[in-house]
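Chemist: In the order they appear, the protein sequences are chains A and B. In terms of our numbering, the first sequence is residues 1 to 190. In terms of our numbering, the second sequence is residues 1001 to 1190. Below: one structure in C-alpha cells.
Number of protein chains: 2
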Amino acid sequence: MDDHAHLIEQQVGREVILDGNFLHVRRDTVRLPTGELATREYVVHPGAVMVVPLADDGQLVVARQWRHPLGRVLLEFPAGKIDAGEGALATARRELREETGYTAREWARACVIHNAAAYATEAIEIWFARGLQAGAQQLDVGEHIDVGLMAADELDALAARGELTDAKTLIGLLWLQRWRAGDWPLQWQA
Amino acid sequence: MDDHAHLIEQQVGREVILDGNFLHVRRDTVRLPTGELATREYVVHPGAVMVVPLADDGQLVVARQWRHPLGRVLLEFPAGKIDAGEGALATARRELREETGYTAREWARACVIHNAAAYATEAIEIWFARGLQAGAQQLDVGEHIDVGLMAADELDALAARGELTDAKTLIGLLWLQRWRAGDWPLQWQA
C-alpha cells in the first residue's frame, strides 16, 4: 500500500463558494486517477493547537464550552486557531493563557491530527504543558469557558461511558496515558 | 462545573449561506449568556459511522484514500456518511462492504465522537466488527480506496511516530487497546 500514485487527485480548478464571517469554503475541480473530473468542496482552516495542561498534582486543566453546532456543552482540553504568522507553540501558550489563565514552564509537542479530512484542511497540533501557574482568563467578547481540574482517571471513566466525545480531547488523553506508561515519548522544552 | 445554564447560547435566527453539491452551511444568530447577539457559522452534516474491523488473525482492516483538502493519502479505518433514514449499524455494514468488500458476523458499538464541534454538526459513531468474510469492494464512481490488513502494534507504532493522523482512526485504536486490555467494555450483537 506504499505507492499511492494511483490514488492521487490532481486539482485543475478552484472557486471560493463561501466567504463567510467565520467559514471559508472552496470548490475545487479535480482530475481523478481514472481521468474523469469531479468536484471537492471543503472548509479552508488555518490550523489549530490543543494543549494538555498537567498540573503539579497530576490533574489536568479542562474547559467546558457551549458548542452551538451541537447544541450542547463539551468537555475539552483548551484549544484554538493559529493566528496568521503565529507558530504553533506561540498559539499553545496564547490559548492556554487566554482560555484558562494558566501559563506553563515546559512544553512538549505530541502529534498532529486531522479531524475532518473529508471536508476541511484543519490540522490540530497537540502540545503538552507542565509547570503550570494559575492566572486570570482573557476571553474574547462572546466567549464563555468554564475551567476546572480533573484527574486522568476521571476523564478515562467518562470516555469509557461515552460521555467524553470531543475527538481531539480523547486523543490527548490517549497520548497522556501512553506517555505516563512509558510507551510514547515526549520531548520537553522550556 | 455541572450547571451549564450560564454557558448556553440561544438561537434566534437562521440562514442557509451555502447550499453546495456536498457542503451545506448555516449562519445562526445566537443570544449569548450576556444578552448580546453573535453569529455562528457551521457545516450541517448527517453524521457518520466508522468501523474497526477485526480479522480472525487479530489484524485490522485499514483503508488508504486520497483526502483532497489535505492533499495527501490518509490511513484510516473504513467510514462513511449516514444516508437519510438509515440506522448507524446499517451504515456500518454498508460502508464496510462498499469500501473494503468485507462483511461481519458480529458488531459492537463503542462510542460517538464529535470531530469538529466548532464548525460542524458531525458526530461519528464508532463500531467494532468481527467474524469477517472477504468480498469485493463496491466503490462509488470517483472513489478509490486501497484496502489492507495491519497489526494493532503496527498502527500503534505509526501513531507514536506521528504518522497516523486521522482523528477517528486514532480513537478507534485507543478503544481497541482498552477493550483488549479488559478496561473498556464492548457489547457484541449478531
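Backbone N, C-alpha and C define an ideal beta-carbon position, used for all residues, glycine too.
Below 6 Å CB to CB, which residues in the same chain sit around residue 54 (chain A) once its five sequence neighbours on both sides are set aside?
Modeler: Against the first sequence, residue 54 (chain A) aligns to sequence position 54. Closer than 6 Å at Cβ, skipping near neighbours: 130.
Chemist: One question on the structure: do residue 79 (chain A) and residue 1168 (chain B) come within less than 9 Å of each other, judged by their Cβ atoms?
Modeler: Indexing the first sequence from 1 puts residue 79 (chain A) at position 79. Indexing the second sequence from 1 puts residue 1168 (chain B) at position 168. Taking 9 Å as the Cβ cut-off, residue 79 (chain A) and residue 1168 (chain B) do not qualify as a contacting pair.
Chemist: Run through the DSSP bridge pairs and tell me what residue 1166 (chain B) is partnered with.
Modeler: Numbered from 1 along the second sequence, position 166 holds the residue referred to as residue 1166 (chain B). Answer is A:114, bridged to residue 1166 (chain B).
Chemist: Which residues in chain B sit within 7 Å of residue 82 (chain A), going by Cβ to Cβ distance?
Modeler: Stepping through the first sequence from its first residue, residue 82 (chain A) is reached at position 82. Here the premise fails: no neighbours, minimum Cβ distance about 13 Å.
Chemist: Since residue 1130 (chain B) is in the alpha helix (DSSP H), which residue starts that stretch and which ends it?
Modeler: The residue you call residue 1130 (chain B) lines up with position 130 of the second sequence. Element bounds for residue 1130 (chain B): not the alpha helix (DSSP H) but the beta strand (DSSP E), 1124 to 1133.
Chemist: Quick one: grab the DSSP three-state call for residue 121 (chain A).
Modeler: Here residue 121 (chain A) refers to the residue found at position 121 of the first sequence. Coil at residue 121 (chain A), not helix or strand.
Chemist: Under 9 Å, Cβ to Cβ, is there at least one residue of chain A near residue 1022 (chain B)?
Modeler: Your numbering for residue 1022 (chain B) matches position 22 in the second sequence. Closer than 9 Å to some Cβ of chain A, the Cβ of residue 1022 (chain B) qualifies, so yes.
Chemist: Give the straight-line distance between the Cα atoms of residue 25 (chain A) and residue 71 (chain A), rounded to the nearest whole angstrom.
Modeler: Numbered from 1 along the first sequence, position 25 holds the residue referred to as residue 25 (chain A). Numbered from 1 along the first sequence, position 71 holds the residue referred to as residue 71 (chain A). In a straight line, the C-alpha of residue 25 (chain A) is about 23 Å away from that of residue 71 (chain A).
Chemist: For residue 6 (chain A), decide whether its Cβ has a neighbour in chain B, counting only Cβ atoms nearer than 9 Å.
Modeler: In the first sequence, counting from the first residue as 1, residue 6 (chain A) sits at position 6. At least one chain B Cβ lies under 9 Å of residue 6 (chain A).
Chemist: Any beta carbon from chain E within less than 9 Å of residue 1184 (chain B)'s own beta carbon?
Modeler: The structure shown contains no chain E; the protein chains it does contain are A and B.
Chemist: Out of A:31, A:99, A:117, A:183, which has the shortest C-alpha to C-alpha gap to residue 64 (chain A)?
Modeler: On the first sequence, position 64 is the one that residue 64 (chain A) refers to. Looking at the Cα atoms, A:99 is the closest of the given residues.
Chemist: If contact is defined by three or more beta carbon pairs under 8 Å, each pair taking one atom from either stretch, is the stretch 135 to 143 of chain A in contact with the stretch 104 to 119 of chain A?
Modeler: Because the criterion of three Cβ pairs below 8 Å is not met, the stretch 104 to 119 of chain A and the stretch 135 to 143 of chain A do not touch.
Chemist: Just to make sure I have the definition right: I need the residues of chain B whose C-beta is within less than 7 Å of the C-beta of residue 73 (chain A). Which are they?
Modeler: As a position in the first sequence, residue 73 (chain A) is number 73, starting the count at 1. Going along chain B in sequence order, the residues near residue 73 (chain A) (Cβ under 7 Å) are 1004, 1007.
Chemist: Using a C-beta to C-beta distance shorter than 8 Å, which residues of chain B count as neighbours of residue 91 (chain A)?
Modeler: Numbered from 1 along the first sequence, position 91 holds the residue referred to as residue 91 (chain A). In chain order: nothing, as chain B lies at least about 15 Å away.
Chemist: If I follow the unbroken alpha helix (DSSP H) through residue 1100 (chain B), where does it start and stop?
Modeler: For the purposes of this step, residue 1100 (chain B) is taken as the residue at position 100 of the second sequence. First-last of the alpha helix (DSSP H) with residue 1100 (chain B): 1088 to 1100.
Chemist: Can you name the residues that DSSP bridges to residue 40 (chain A)?
Modeler: Residue numbering aside, residue 40 (chain A) sits at position 40 when the first sequence is read from its first letter. Paired residues: A:28.
Chemist: Grab me the residues of residue 14 (chain A)'s own chain with a C-beta within less than 8 Å of its C-beta, minus the 5 sequence neighbours each way, in chain order.
Modeler: Here residue 14 (chain A) refers to the residue found at position 14 of the first sequence. Result list for residue 14 (chain A): 26, 27, 28, 29, in chain order.
Chemist: In the DSSP assignment, what are the bridge partners of residue 1189 (chain B)?
Modeler: To locate residue 1189 (chain B), count along the second sequence from 1; it is residue 189. Residue 1189 (chain B) is bridged to B:1107.
Chemist: In chain A, what lies closer than 8 Å to residue 1107 (chain B) by C-beta?
Modeler: Here the question's residue 1107 (chain B) lines up with position 107 in the second sequence. Near residue 1107 (chain B) there are no residues of chain A at all, since even the closest Cβ is about 16 Å away, more than 8 Å.
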